[in-house]
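Visitor: 349 is the number of the first residue of the sequence shown in the numbering used here; add one for each residue after it. Glycine included, each C-beta is placed from N, C-alpha and C at the ideal position. Please read all numbers here as calculations on a predicted model, not as lab measurements.
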Amino acid sequence: MKKVTKKYVLAILGCVTIMVLGILGYNSVNAATEDFYFKYNNQIYKDGDTIELKSANGEIWVSNDEGIALGTSDSITWKWFGSDVIELKPDTTNPLKADITRKGPGYSDITALIVRNGVTYNIQCKLKVGFQVDQSNFSEVLISGEKALLFKEIDNSAENPKTIVLKYTNDNGPSQTIANNNPSLTWTTMDDKVVTVANGVVTAVGAGMTQVKITTNSVSKEVDPLEVYFDVIVSPQAINPTGTAGDYLSYFKLVSNEKTQISTNSMDTSKLVWKFYDSNGKTEIDPKGLIDYSVFNDKNFTINSAKAGTYYIRAFVDSKYIPTDFNLGDPSSAVPYLEILLEVPLKFYDDAIIMGVGDTYNIVDNSNIPSASQYNFSLKDTTSGAASVSSSGIIKGLSKGTAEIIVTKIGDGTSHTIKVTVIDGIALNASSINIYTSGTYQLEALTSDRRTVVTWTSSNPSVATVDNTDKKGLVTGVSKGSAVITATQIINGIVKTASCTVHVQDSVNKITLDPSEVVLNITEYKTIKAVIEPKDLNNVKLKWTSSNEDVVKITDYGDVTATIQGIAGGTAVITAINQENVVVGYCTVTVKQQVTGITLSATELSLNLSDKSYQLRAIIAPDKATNKTVTWKSTNTKVATVDSNGLVTLLSSGTVSIVATSDDNPSVSAYCNITVGLSVTSIKLDDSKKTMYVGDTTRLSYLITPTNASNKGVTWTSTDNSVVSVDAGGLLKANAAGVAIIILKTADGAYMSTCTINVVQKATGIVFDVTDLELFVDQTHQIKVSVTPANSTDYSLTWESADNAIATVDNQGNVTGKANGKTIIIAKTSIGTVIYCNVTVKARPTGMQLNFTEKTIVIGESFELKASIIPSSASQQVTYNFTSSKAKIATVAANGTVKGLKGGTSIISVKTSDGKYSEWCVVTVVERVTSIKLNKTSLKLGVGKTTTLTATVKTNAATNPKLKWTSSNTKIATVDANGKITGKKLGTVTITAAAQDGSGVKATASVRVVRAVTSISLNKTSVTTIVGRSYKLKATVRPSNATYKTVNWSSSDESIAIVDSDGVVTALKAGNVTIKASAKDSSGKSATAFFMIQPRVPSNSVTIINQNLTMVVGETNTLQKAINPTNSTDTFTWQSDNRTVATVDSSTGKVTARTPGIANVTIMTESGKTATAKVTVVGLNTTYLELEQYSTYRLSVIGINSGVTWDIDDNTIAVVTNGLVSSRRLGTTTITATVNGRKLTCTLRVVKIR
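(1) How many Å lie between Ala1351 and Ser1409 at the Cα?
(2) Sorted by chain position, which residues of the same chain lie with C-beta nearer than 7 angstroms to Ala1153's C-beta, five sequence neighbours on each side aside?
(3) Using C-beta distances below 8 angstroms, list every residue in its chain close to Pro509, excluding the 5 sequence neighbours before and after it, in chain order.
(4) Using CA atoms only, rank isn't needed, just tell me which of Ser1001, Asp1012, Ala966 and Lys986 is closest to Ser992.
(5) For Lys1626, I'd like the list of residues in its chain whose CB is within less than 6 angstroms of its CB, leaving aside the five on either flank, ordered along the chain.
(6) Apply the 10 Å Cβ neighbour rule to Thr1285 and answer buried if 16 or more other Cβ atoms are within range, or exposed otherwise.
(7) Are Lys728 and Ile754 close, meaning C-beta to C-beta below 8 angstroms?
(8) Excluding sequence positions up to five away, which residues of its chain have a Cβ less than 8 angstroms from the Cβ of Ala1150?
(9) Looking at C-alpha atoms only, which residue of Ala793, Thr805 and Ser810 is the closest neighbour of Ser786?
(10) Mind checking Asn956: buried by the 16 CB within 10 Å criterion, or exposed?
(11) My output table needs one value for Lys1038: the three-state DSSP class, helix, strand or coil.
(12) On the DSSP letters alone, give me the boundaries of the beta strand (DSSP E) that Ala1343 sits inside.
(13) Applying the 10 Å Cβ sphere with the 16-neighbour rule, what's the burial state of Thr417?
(14) Quick one: any contact between the stretch 591-607 and the stretch 670-682, if contact means 3 or more CB pairs under 8 angstroms?
(15) Give every residue of the same chain whose Cβ lies closer than 6 angstroms to the Cβ of Ala1581, excluding the five residues on either side of it in the sequence, and list them in chain order.
(16) Just verifying my parser: in three-state terms, what is the DSSP assignment at Gln1109?
(17) Sort Asp1034, Arg1386, Val832 and Thr672 by Cα distance to Thr631 and report the nearest one.
(18) To the nearest angstrom, report how far apart Gln1468 and Gly1290 are at their CA atoms.
(19) DSSP three-state call for Val1594: helix, strand or coil?
(20) Following the continuous beta strand (DSSP E) through Ile416, name the residue where it begins and the one where it ends.
(21) Would you kindly check if the distance between the Cβ of Val1007 and the Cβ of Ser1017 is under 8 angstroms?
(22) Helix, strand or coil: how does DSSP classify Gln1604 here?
(23) How many Å lie between Lys476 and Ile399 at the Cα?
(24) Since I believe Gly1244 is in contact with Glu1212 (beta carbons under 8 angstroms), could you give me their beta-carbon distance rounded to a whole number of angstroms?
(25) Out of Arg1572, Gly933, Val852 and Lys1037, which one is the CA nearest neighbour of Trp892?
(26) Buried or exposed, going by whether 16 or more other CB atoms sit within 10 Å of the CB of Pro863?
(27) According to DSSP, simplified to helix, strand and coil, what is Thr617?
(28) Please state whether the Cβ-Cβ distance between Glu575 and Ser1254 is less than 8 angstroms.
(29) For Thr871, tell me which candidate among Asp646, Thr1414, Ser1399 and Lys972 has the shortest Cα-Cα distance.
(30) Would you identify the three-state DSSP class for Asn1472, choosing helix, strand or coil?
(31) Please report the straight-line C-alpha distance between Glu1603 and Lys500, rounded to a whole angstrom.
(32) Can you give me the C-alpha to C-alpha distance between Asn1396 and Lys901, rounded to a whole angstrom?
(33) Taking only runs of the beta strand (DSSP E) that begin and end inside the stretch 1111-1198, which ones reach a length of at least 3 residues, in chain order?
(34) Inspect the beta-carbon positions of Tyr469 and Ile462 and report whether they are closer than 8 angstroms.
(35) Suppose only complete runs of 3+ residues qualify. What are the beta strand (DSSP E) ranges in the stretch 1337-1383, listed by chain order?
(36) When we look at the beta-carbon of Ser1365 and count the other beta-carbons within 10 Å, is it buried (16 or more) or exposed?
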């Protein structure tokens, strides 16, 4: 016996396998291993390449280097995705070629499946259709020649709106435009306060600069959509406040020295770039200290105040759109801007002033003069001696009298005169006052003689009293009425008086605002009136405030009325405060976001009565409207009604309009026109069954109920057109023997009727399906008979076997193998025809094998697992049972089709139906990426700076989680393979992380490249404060031209201290807290200030250390105080009751002696504790004395009557006794008066007797 080796067995199995695969006709799908490629415009594009379509039409071919000759069983199937981009039509005569028609911009995927010699190949390419904006009607707005879409006027219908023209790029043929409503495009505006855009129509809204983005909707896998940007500029204009109302201008001249509000055509003036220039209009200046202005998120530019002079104010849409030169008075250059020539006339707050001897008055501080160096200050009459004026504009009272000060502008010689009256008597700081009961007013006596006591009296103390002791001149209202307060001073026997009339009225005890609640629309005005109690009060002046001026703004106010305007949706409280006794009235104001439009879910409908109802939905604009309620109405309730929710109920046939009207704005409504038709209720064919012969025709008839139905249209269909076909008129044609059902349906598909057609035909010929049959022992096979025609039914057969020992046959043609060998099966027809089949009976199979023992697929993919019997001759007579070990991972159908459901491994087992043989295949299912999440979806990045985005990939089991990072504009920002972004220049880009496993999953982040903040510094880094107090931090951002010049403020513990958007820190309770100022970009720059907040400790008492102070004129001295307890947190203020004699610094207690006399200096703590020091300012009645020989003069110390010691340096020139000077010889000497250690000197010159 021959020994069988293992190698021999394997060789036999290999040969058998090859035979089985050949018999089964095994196919597979391969990559383009035969080097197939695409050809377009005679250029070769390999698998995965991108082809750019450069014309309206084109041809694409499949080829290889050797050329392709397709056999009869070979084929090419073309597939493409992106029907909005191209239309692909395979050539009907040459399958290697397909015609391409361009439909819109974007990407499309084209796939060619090539079946050649039983093997399937797959090649793909991406087809790109590019586009660009036609800028032929754009304007060159920069010297560099860059173009932008320019709107010169918003209200000009010929100018606004503008339609954008798009063209295909690289168009080899005639210039071809793209329809703006092409479904492959999406239009977006970056700032809807500048322009809006819809299907290429750009409408200007307000001045500024923005970009419009056009994005393709159709994309190819792993490729970003195409994006095109262009700049849009709306020229800034404004209304001259002194010109024609509503007339927007690019240039005007404004002459004003008052607060002026200028209305612009911008919806957000804070986004415009405002610059200021000197009188020549060429040199830019810093407005700080010259022009105080404000801009907000509205249309207004407000000049709050300005120093005298000529200025050019210009508004530009963006910092990159600023020309290098200006045509004064004609801003019509290629770069649009607004120009305002501002002339500010000289303004003096007082043309006539009254001052006392020794007083000073600063002209610059009391005018809008920008600098004293620009003006000359002089006396009109230098001999008057009443006053002097310095070169810096300081007027000083010298003696009683009048003077005129001439202020002359250097250069043009224009001048202004200020009249000065210097008094040397007594006057009051007010001649008439109004106060409330219990209210006070401090009258001050202005006198040149501070030594003589001023006496105060009231003509009617029951109405008003006046203090004549400690707080001299303090008037207190007692009851309603009038009284005259008189100040009296007797100098050298002359009685000098000054008086003030006091009007006392009852105090306000209640304020009620009418109305107390107001609802406004945006921009709507409303006047609020304050009702005062008691009602007979006069001259009540209230302070009006709004709790939120971003919502409600007070535009004008009087004593008891205020006009308010709604600014934005929200709620604010208007308060009216009587500051005399802090009585407050309130009004709650709600500003509505008014409805501006309604869009219905449908505007034209055709319905059948059988539909019964239809739900309409109303979409309200804007989305933030306060009241979105709508009222629904039917114009014909006999046809249809509508409920409060928009549900339409159909009642009868006819036409009706459903109207939705805004409850908030009844002028806004929307319509839906509905046509209701009478529905069909039944349809019936006259015949339900019918028999036909092949080739016959007949027409079926039917009945529709009701006969007056609106739509009597019907459709005819056959369940098998090969048996019987039917045309649109119900004409039937019998095509082949068999049974088919004719179906008649109403047009709406609601009703149907059927007729069963039986088509018969006589047989003309008969054949077996096999002429040679192989069977296993005990195996049965039915020989099938084919008749001609195939559907013939009128034939019968007689069956017999030539050798029943080898195979038997029954009357149905079932042949059963009995033993190995060969025989003949014979069938005889009723007409005598004999048919033969050769039968070979073989032994049973010995085993089985699979086409795959292991397979890797992606979730959702399928493959066919095929089993074959060994030996191969039995393969056609065996059935198999397929099972999956893990059906949640992979399933297998009865025909062996395996489908991946979830990542993992499953074993597919295959058994023969008799259970004798089995094999298995290990199937590995891999998962693709299902989602990508970035750690940031938007960020800001400095030019030259880098940051790294982190991408989280799902699913965890993804086989290929690798990502591809791309930037939409590498000129603005680049990104590397690890997600590291580098800012290149200012602008905004989209960074995309896309999966590379073919899943098409991606995630994006918007990156704005900014001029980054390099540092932030605060004016204070450590602050100690008290609970209840506020402190304003100031942040300085560097560089000064950083994109974000403001910061975000935050508190480490808002229970201790809070900080608002302006950096104002408010202490809430004791503790330590850190206030942080952070950059608004991604620079990460910040600065902190440490706040130590202490609890408030009120004072129990306060004491002035030096309570009696003697000073000389011009001298300063700081009073010392002691506050108990020593750890008191109270603030304090110093005040002098006679500032003519001595002034005191309110915070330091530094006293300055001004003129001789007595002043009481009082310190008051935050808790109301006080202490007083008496300040005596002394001085000689003259500091220079010229006497003739042997004459006398009485020197006196002003401000004190005793305790004076007199001395003279040279008693040969003169002698002094108790201030009486008696001159002797010629010469000059010094006289000294000593008071409480203070020395006062007078220079004495003795001259000859004249």
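Guide: Once the coordinates are examined:
(1) 33 angstroms
(2) Only Lys1166 and Ala1167 meet the Cβ criterion.
(3) Val549, Val550, Thr551 and Ala552
(4) Ala966
(5) Limits of the chain in this structure are 349 at one end and 1598 at the other, which puts residue 1626 out of reach.
(6) exposed
(7) Yes, they are a contact pair.
(8) Thr1171, Ile1172, Ile1173 and Ile1174
(9) Ser810
(10) buried
(11) strand
(12) Start and end: Gly1335 to Ala1343.
(13) What sits at residue 417 in the sequence shown is Ala, not Thr. Classification of Ala417: exposed, given that the 10 Å Cβ count is below 16.
(14) yes
(15) Val1545, Val1552, Trp1554 and Leu1588
(16) coil
(17) Thr672
(18) One C-alpha to the other measures close to 55 angstroms.
(19) strand
(20) Per DSSP, Ile416 belongs to no beta strand (DSSP E) and is neither H nor E.
(21) yes
(22) The structure shown has nothing for residue 1604, since the chain only spans 349 to 1598.
(23) 6 angstroms
(24) 5 angstroms
(25) Gly933
(26) exposed
(27) helix
(28) no
(29) Asp646
(30) strand
(31) Residue 1603 lies beyond the residue range present for the chain, which begins at 349 and ends at 1598; the question has no answer from this structure.
(32) Roughly 25 angstroms between the two C-alpha positions.
(33) 1113-1116, 1120-1124, 1128-1130, 1133-1136, 1145-1149, 1155-1157, 1162-1165, 1169-1177, 1182-1190 and 1195-1198
(34) yes
(35) 1350-1358, 1363-1366, 1370-1374 and 1378-1380
(36) Result: exposed.
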